[in-house]
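In what follows, a structure is listed as structure tokens, so that the remarks can point back to it.
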Amino acid sequence: MAYQSVFRTGLFKGQVALVTGGGTGIGRCVAHELASLGATVVVAARRREPLEQTCREITENGGQAHVELVNIRDEESVDTLIRNVVAKFGRLHLLVNNAGGQFLSPAENISVGGFRTVLELNAVGTWTVCRAAMLHWMKEHGGIIVNIVADYFNGFPLMAHTGAARAAVDNMTKTLCQEWGKFGIRINSVAPGTIISSGMQNYPPPVQQMITGGFHTENPSGRLGTEAEVSSAVVWLLSPGAAYVNGACLRVDGGSSLSKAAMIPHPDDIPIKAFLGYSDASCLGERDIPPAFGELLAQYAAKKTTSKL
Ligand SMILES: CCCCC/C=C/C(=O)SCCNC(=O)CCNC(=O)[C@H](O)C(C)(C)COP(=O)(O)OP(=O)(O)OC[C@H]1O[C@@H](n2cnc3c(N)ncnc32)[C@H](O)[C@@H]1OP(=O)(O)O
Ligand SMILES: NC(=O)C1=CN([C@@H]2O[C@H](COP(=O)(O)OP(=O)(O)OC[C@H]3O[C@@H](n4cnc5c(N)ncnc54)[C@H](OP(=O)(O)O)[C@@H]3O)[C@@H](O)[C@H]2O)C=CC1
């Protein structure tokens with residue numbers, strides 16, 4: 001094979017990309033990146049002002065952008081969005097399902113209504129957009145879809161609803177990859193870890209402090225991620241370079257999904273129980289850690305602080 005030096009500054013030239021939630025945070029960044037690589041970008045969400053701001057920024061940079069309003073929880077609104085895009089631009093090549101979110105809560109405090117809301121926004125909402133894009137354009141012409149999920153892999157402490165919703169989207173992505181490949185549709189998901197984005201402003205100040213100042217930096221990369229680092233993965237999955245990547249979930253999390261168990265510290269006032277053996281009268285931790293074991297743990301802890309294990 002002969003290599004040629006081709007600078008593809010217009011990687012997505014002539015292509016139309018729809019980014020939901022494209023007025024803020026990760027979606028805004030994805031929109032900028034795609035526009036800078038030549039795509040005509042449609043940013044869609046509920047609030048007009050942030051969308052128009054993103055649109056202005058892109059246009060001032062020499063790119064092409066357009067605003068559409070949508071509530072992805074409303075089927076009719078989604079249908080209108082996709083029909084509008086196809087009517088205005090005559091095509092829809094790329095779709096980024098980025099709109100979504102949730103609230104932080106211990107699982108036991110999430111009402112059924114709250115759980116349903118988050119599932120409807122993230123799982124049903126993403127499905128609704130995928131379905132409409134497929135029916136109104138991609139079934140006939142093909143297309144490429146990226147769904148934003150989250151680091152749900154080992155459960156999602158304090159976000160049981162979104163963990164369930166994002167797992168659903170990831171699984172749906174794998175199914176659609178297999179069912180819709182015949183239409184020329186390629187579909188993947190991206191799972192961001194904790195990202196410094198406008199989305200963090202949705203959380204109360206103590207939570208923001210917890211996120212920026214504490215355990216969220218305790219991952220193999222020692223820091224939070226940036227919007228650009230997530231966008232870069234999205235752009236790659238949309239690009240011809242990822243033509244053979246289908247049904248995958250790309251984690252952009254600094255390695256945090258490998259080490260998330262430490263998120264919820266065990267309270268000091270609850271005794272740690274351990275399995276003591278079926279032959280033990282108390283069997284499944286009916287009594288506290290036995291002193292000898294406690295002693296052993298203390299030795300281990302001391303060793304840990306004085307030497308590199
Ligand atoms: C720890 C760091 C991890 C970082 C990883 C993730 C980061 C991100 O995702 S960044 C975030 C991006 N943006 C957001 O998350 C904001 C999006 N949030 C929302 O848009 C809303 O909160 C919503 C969609 C999740 C809910 O909005 P809405 O439909 O307006 O909700 P309602 O007020 O109608 O309530 C419906 C239902 O939900 C319950 N509920 C709503 N908010 C809370 C809350 N803060 N705490 C507890 N429960 C809540 C509410 O009580 C209703 O329940 P029922 O009354 O039982 O029907
Ligand atoms: N930041 C992080 O650490 C992580 C973020 N994520 C996910 O990445 C995505 C982007 O998040 P981020 O940029 O950080 O946060 P933002 O809150 O800035 O982005 C969420 C976007 O979704 C849009 N949106 C919300 N609900 C709807 C709706 N019903 N219909 C249409 N649009 C809607 C919002 O616009 P509007 O309100 O105008 O509708 C907003 O632009 C979200 O799905 C988020 O949950 C996942 C893991 C980690």
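With full-length UniProt numbering applied, the sequence shown covers 1 to 309.
Beta carbons: idealized from backbone N, C-alpha and C, even for Gly.
Buried or exposed (CB count within 10 angstroms, at least 16 for buried), residue i
{"i": "E68", "result": "buried"}
{"i": "R223", "result": "exposed"}
{"i": "T59", "result": "exposed"}
{"i": "T175", "result": "exposed"}
{"i": "V16", "result": "buried"}
{"i": "R186", "result": "buried"}
{"i": "E229", "result": "buried"}
{"i": "Q208", "result": "exposed"}
{"i": "residue 340", "result": "There is no way to answer for residue 340, as the model of the chain reaches only from 1 to 309."}
{"i": "Q178", "result": "exposed"}
{"i": "R287", "result": "The pLDDT assigned to R287 is 45, lower than 50, so where the model puts this residue is not dependable; a value taken from the coordinates is nonetheless given after this. With fewer than 16 Cβ atoms within 10 Å of its Cβ, R287 is classed as exposed."}
{"i": "G23", "result": "buried"}
{"i": "S197", "result": "buried"}
Backbone secondary structure at residue i - three-state DSSP
{"i": "L34", "result": "helix"}
{"i": "T54", "result": "helix"}
{"i": "L250", "result": "strand"}
{"i": "Q15", "result": "coil"}
{"i": "G142", "result": "coil"}
{"i": "E286", "result": "With a pLDDT of 43 at E286, under the threshold of 50, the predicted position of this residue should be treated as unreliable, though the coordinate-derived value follows. Here E286 sits in coil by DSSP."}
{"i": "H136", "result": "helix"}
{"i": "A205", "result": "The sequence given here places Pro at residue 205; Ala does not occur at that position. Residue state, collapsed to three classes: helix."}
{"i": "G155", "result": "strand"}
{"i": "F161", "result": "Checking the displayed sequence, the identity of residue 161 turns out to be His instead of Phe. Reduced to three states, the DSSP call for H161 is helix."}
CA nearest to the CA of residue i, picked from the options
{"i": "I110", "options": "V70, N219, A160 and A133", "result": "A160"}
{"i": "residue 310", "options": "N61, A165 and E76", "result": "Nothing can be reported for residue 310: it is not among the residues displayed for the chain, which extend from 1 to 309."}
{"i": "M200", "options": "E227, V70 and G184", "result": "E227"}
{"i": "residue 310", "options": "G10, Q102 and G21", "result": "Residue numbering for the chain in the displayed model covers 1 to 309; residue 310 lies beyond these limits and cannot be assessed."}
{"i": "N219", "options": "G100, L258 and A191", "result": "L258"}
{"i": "T128", "options": "I82, L94 and K88", "result": "I82"}
{"i": "F12", "options": "N154, Y244, G143 and S198", "result": "G143"}
{"i": "G101", "options": "Y203, R91, R28 and C249", "result": "Y203"}
{"i": "A45", "options": "N98, L158, E57 and L92", "result": "N98"}
{"i": "P192", "options": "F153, R251, G63 and I145", "result": "R251"}
C-alpha distance - residue i paired with residue j, whole-angstrom precision
{"i": "R73", "j": "V169", "result": "15 angstroms"}
{"i": "N188", "j": "S239", "result": "12 angstroms"}
{"i": "G225", "j": "T194", "result": "6 angstroms"}
{"i": "G285", "j": "P106", "result": "Note on G285: pLDDT 49, under 50, position unreliable in the model; the coordinate value appears next. Cα-Cα distance, rounded: 25 angstroms."}
{"i": "V85", "j": "D151", "result": "31 angstroms"}
{"i": "S231", "j": "G27", "result": "8 angstroms"}
{"i": "F153", "j": "A233", "result": "18 angstroms"}
{"i": "G113", "j": "V96", "result": "27 angstroms"}
{"i": "E108", "j": "G90", "result": "48 angstroms"}
{"i": "G247", "j": "E57", "result": "33 angstroms"}
{"i": "T126", "j": "N147", "result": "8 angstroms"}
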